[in-house]
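Count along the sequence shown from 1, add 2, and you get the number used in the working numbering.
Glycine residues also receive a C-beta, built at the ideal position from the N, C-alpha and C atoms.
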Amino acid sequence: MELPQNKIEDFTVLHVKSTSCSTINIRNVTYSIPSKLIGQKLVIHLFDSKIEIFYNHYKICELARIYNKHRSKRKSCINYRHIISSLVQKPQAFKNFIWKDELFPNQDYQKIWQIVKFIEDSKTACKYFVKLLYLASKLPQEKEDYVSDYILRYHQQKGNLPTIENCEQQFGVNNKPKIIPWIKTNQHQLRSYDRLLQATGNF
3 MELPQNKIED
13 FTVLHVKSTS
23 CSTINIRNVT
33 YSIPSKLIGQ
43 KLVIHLFDSK
53 IEIFYNHYKI
63 CELARIYNKH
73 RSKRKSCINY
83 RHIISSLVQK
93 PQAFKNFIWK
103 DELFPNQDYQ
113 KIWQIVKFIE
123 DSKTACKYFV
133 KLLYLASKLP
143 QEKEDYVSDY
153 ILRYHQQKGN
163 LPTIENCEQQ
173 FGVNNKPKII
183 PWIKTNQHQL
193 RSYDRLLQAT
203 GNF
C-alpha cells in the first residue's frame, strides 16, 4: 500500500471571534491575542502542543496549547504584550482587570505594583504601572528583567520611583509620537498648465 503523497492534517480547524478584551476561548481556555485582532473572525489550527492563529489566510501568531482537565473552571493564558496596547489607552481598567495577576512579566513586577500602590493614589498608580508595562513591551522579552531590576534598585537607593521619562531615557525607548515636519509647497499658476497643454498639442 502506497503512502499518501501529502501530509495528513494533524490539527483541528476552528473558527472563533476575538473578544473586546483581546482574547479567544478554545476548549474552556482563554488565550490572549494581539490587540489588533480585537473583534475579528479568526481561523485556528489546534494541534496537540500548540495553537496557530490565522487572519485573512495569514498566520498571525502561535501559542502554546493549554489543557483544562477541570471543565467547571476556566483556565487562562494571558500575555501582557498582547493586552498592553489597548490597556494603555484606559489605564484605570488595570485596577479591576480580571487577569491582572497574569499581566506581571515576573515576580519583581508584582513587587513594583505593591510599591506603587503604597506610594501613589489608585488613579496615579494604575497610570504609572500600565505605562511601565507598555515601556517593557517595547523591549525584547529578555530585557524585561532589566527594567524591573532598575526600578527596584532605584527605589531601594532613593526611596521613591523613577519617572516613566527617566525609564525611557535609561533604556533608550521613546514612546512619544514623531513630529511630522511642515512642508511648504507653492501652488503653480494656472497659466503654466495652459502653456503646457498648448505645447503638448503641437506634437
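Backbone secondary structure at Y148 - three-state DSSP: Helix.
When H47, E122, R197 are compared against P164, the one with the closest alpha-carbon: The residue with the shortest Cα to Cα distance from P164 is E122.
For Y69, count neighbouring Cβ atoms within 10 angstroms of its own Cβ and tell me buried if that reaches 16, exposed if not. By the 10 Å Cβ count, Y69 comes out exposed.
If you reduce the DSSP assignment to three classes, tell me which class N27 lands in. In this structure, N27 counts as strand in the three-state DSSP scheme.
Between the segment 89-102 and the segment 38-47, do three or more beta carbon pairs fall short of 8 Å? Because the criterion of three Cβ pairs below 8 Å is not met, the segment 89-102 and the segment 38-47 do not touch.
The alpha helix (DSSP H) with L137 in it runs from where to where? Secondary structure note for L137: its alpha helix (DSSP H) is the uninterrupted segment 124-139.
Give me the Cα-Cα distance between S37 and H157, rounded to the nearest whole angstrom. Spanning the two alpha carbons is a distance of roughly 32 Å.
Would you call the segment 131-149 in contact with the segment 106-119, where contact means no fewer than 3 C-beta pairs closer than 8 Å? Three or more Cβ pairs closer than 8 Å define a contact, and the segment 131-149 meets that threshold against the segment 106-119.
How should I85 be labelled, buried or exposed, when 16 other C-beta atoms within 10 angstroms of its C-beta is the threshold for buried? Answer is buried; the Cβ neighbour count reaches 16.
Determine the DSSP secondary structure at L48, reduced to helix, strand or coil. Here L48 sits in strand by DSSP.
For the beta strand (DSSP E) holding E64, just list the boundary residues, first then last. For E64, the uninterrupted beta strand (DSSP E) run begins and ends at 60-66, by DSSP.
Using alpha carbons as the reference points, say which of V149, F49, E54, T25 lies closest to I40. Its Cα nearest to that of I40, the residue T25 stands out among V149, F49, E54, T25.
Checking the sheet assignment: what are the DSSP bridge partners for E54? E54 pairs with H47, E64.
From W101 to C23, what distance separates their C-alpha atoms? W101 and C23: Cα-Cα distance of roughly 10 Å.
CA nearest to the CA of F147, picked from G174, K133, L134, P107: The residue asked about is misnamed: residue 147 is Asp in this sequence, not Phe. For the residues G174, K133, L134, P107, the minimum Cα distance to D147 belongs to P107.
Any idea what DSSP makes of Y69, helix, strand or coil? Note: Y69 maps to coil in three-state DSSP.
Please report how far the alpha carbon of I166 lies from the alpha carbon of D196, in whole angstroms. Taking the CA atoms as reference points, I166 sits about 58 Å from D196.
Spatial neighbours of F96 within its chain, please: CB distance less than 8 Å, with the 5 preceding and 5 following residues excluded, ordered by chain position. Exclusion of the five residues before and after F96 leaves L89, K102, L105, C128, F131, V132 as the residues of its chain whose Cβ lies within less than 8 Å of its Cβ.
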